[in-house]
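A.B. asks:
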Amino acid sequence: GFQYIADHARHVVVLCGAGISTSAGIPDFRSPGTGLYHNLQRFALPEAEAIFDLTYFQKHPDAFYELCREMWPGNYAPTACHYFIRLLSDKGILQRCYTQNIDSLEHAAGIPFDLLVAAHGNFDAAHVVDDNVGLAS
2 GFQYIADHAR HVVVLCGAGI STSAGIPDFR SPGTGLYHNL QRFALPEAEA
52 IFDLTYFQKH PDAFYELCRE MWPGNYAPTA CHYFIRLLSD KGILQRCYTQ
102 NIDSLEHAAG IPFDLLVAAH GNFDAAHVVD DNVGLAS
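For what it's worth, this note's numbering labels the leading residue of the sequence shown as 2, then goes sequentially.
Right, here's the structure in full:
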């Protein structure tokens with residue numbers, strides 16, 4: 002368990018993906034019947050990956066916005082695994098957490114931003130894509 006890691010490891014790097022968030026209720030991408038790509042059929046996309054394609058988004062943003070609404074931070078809680086990674090950080094042995102997840106649950110669990118690398122981006126780093134959009138300061 003953790004005590005073994007604490008006694009023997011001084012520098013830990015974590016690589017994680019959908020498996021740490023599925024127990025929170027977030028589907029993985031590719032599982033037949035339950036995966037995110039399977040569930041996107043309701044949007045009648047030309048292909049499931051189109052929901053993350055910028056050109057498609059610029060013409061048809063509704064599907065992406067609906068997916069974001071469903072996955073918005075606060076709709077799901079971090080899992081025991083997310084909190085374990087935070088414990089590694091709290092103990093000073095986590096050097097970096099590389100995640101493929103876009104759900105931002107690592108940060109919601111309290112893992113500091115400076116230790117997180119979101120390989121595919123996430124809600125924490127989301128921003129508008131149209132630089133002509135005026136934002137109030």
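Note that CB positions come from ideal geometry on N, CA and C, so glycine has one too.
For the alpha helix (DSSP H) holding residue 81, just list the boundary residues, first then last.
C.D. replies: In the sequence shown, counting from the first residue as 1, residue 81 sits at position 80. Taken as a continuous stretch (DSSP letters only), the alpha helix (DSSP H) holding residue 81 covers 81 to 91.
A.B. asks: Who are the near neighbours of residue 58 in its chain, counting only those whose CB is closer than 7 Å to its CB and skipping five residues on each side?
C.D. replies: As a working note, residue 58 is residue 57 in the sequence shown. Around residue 58: 65.
A.B. asks: Below 8 Å between beta carbons: does that hold for residue 6 and residue 80?
C.D. replies: The residue you call residue 6 lines up with position 5 of the sequence shown. The residue you call residue 80 lines up with position 79 of the sequence shown. No; because the gap between Cβ atoms is not below 8 Å, this pair is not in contact.
A.B. asks: How many Å lie between residue 86 and residue 70 at the Cα?
C.D. replies: Indexing the sequence shown from 1 puts residue 86 at position 85. Indexing the sequence shown from 1 puts residue 70 at position 69. Their Cα atoms are separated by approximately 26 Å.
A.B. asks: Check the C-beta distance from residue 77 over to residue 112 and give it rounded, since I have them as a contact under 8 Å.
C.D. replies: For this step, residue 77 is matched to residue 76 along the sequence shown. For this step, residue 112 is matched to residue 111 along the sequence shown. The Cβ separation is near 15 Å, so there is no contact.
A.B. asks: First and last residue of the beta strand (DSSP E) that includes residue 119?
C.D. replies: Reading the sequence shown from its first residue, position 118 is the one you call residue 119. Here the beta strand (DSSP E) through residue 119 covers 117 to 119.
A.B. asks: Go through its chain and collect everything with a Cβ distance to residue 117's Cβ below 6 Å, but skip five positions before and after it.
C.D. replies: As a working mapping, residue 117 is identified with position 116 in the sequence shown. Only 98, 107 meet the Cβ criterion.
A.B. asks: Sorted by chain position, which residues of the same chain lie with C-beta nearer than 7 Å to residue 96's C-beta, five sequence neighbours on each side aside?
C.D. replies: Position 95 of the sequence shown holds residue 96. Same-chain partners within the cutoff: 12, 13, 14.
A.B. asks: In the structure shown, what three-state DSSP assignment does residue 138 receive?
C.D. replies: Within the sequence shown, the letter at position 137 stands for residue 138. Unreliable placement is indicated for residue 138, whose pLDDT of 47 sits below 50; the coordinate value is still reported in the next sentence. DSSP places residue 138 in coil when its eight states are reduced to three.
A.B. asks: Is the separation between the beta-carbon of residue 126 and that of residue 101 shorter than 8 Å?
C.D. replies: As a working note, residue 126 is residue 125 in the sequence shown. As a working note, residue 101 is residue 100 in the sequence shown. Going by C-beta atoms, residue 126 is not nearer than 8 Å to residue 101.
A.B. asks: What are the start and end residues of each continuous alpha helix (DSSP H) run of 4 or more residues lying completely inside the region 2 to 52, in chain order?
C.D. replies: 3 to 9, 37 to 40
A.B. asks: For residue 3, I'd like the list of residues in its chain whose CB is within less than 8 Å of its CB, leaving aside the five on either flank, ordered along the chain.
C.D. replies: Residue mapping note: residue 3 aligns to position 2 of the sequence shown, counting from 1. Taken in chain order, the residues that qualify are 85, 88.
A.B. asks: Report the CB separation of residue 109 from residue 74 in whole angstroms; it is logged as a contact under 8 Å.
C.D. replies: Position 108 of the sequence shown, counted from the start, is the residue given in the question as residue 109. Position 73 of the sequence shown, counted from the start, is the residue given in the question as residue 74. Cβ atoms of residue 109 and residue 74 come within 8 Å of each other, at about 6 Å.
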